[in-house]
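Accompanying notes for the structure given below.
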Amino acid sequence: QAKTIAIQRGIDNLGERYYDCAINAMEYLDGLSFIVAKRKE
2 QAKTIAIQRG IDNLGERYYD CAINAMEYLD GLSFIVAKRK E
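Here the sequence shown is numbered in the numbering used here, starting from 2 and rising by one per residue.
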C-alpha cells in the first residue's frame, strides 16, 4: 500500500509540474518512464 501511494505521489507531482509548464512533455514522459522502471526493480 505505501509503495503504491509513493508511486501515485510521484505521478501526481510530475503532472502538476507539467501543467504548470515547469517541465515539457519530453521531461514528463521521461519522469513517468523512470517511475515505472523503478517500480519493476
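Beta carbons are placed, not taken as given, at the ideal position from N, Cα and C, and that holds for glycine.
Item: How many Å lie between glutamine 9 and glycine 32 at the Cα?; Value: 13 Å
Item: Alpha carbon to alpha carbon, how far is phenylalanine 35 from glutamine 2?; Value: 20 Å
Item: For leucine 15, collect the residues of the same chain with a Cβ closer than 8 Å to its Cβ; drop the 5 residues on either side in sequence, then sort them by chain order.; Value: Ile24, Tyr29, Gly32, Leu33 and Ile36
Item: Taking just the CA atoms, how far does alanine 38 sit from isoleucine 6?; Value: 16 Å
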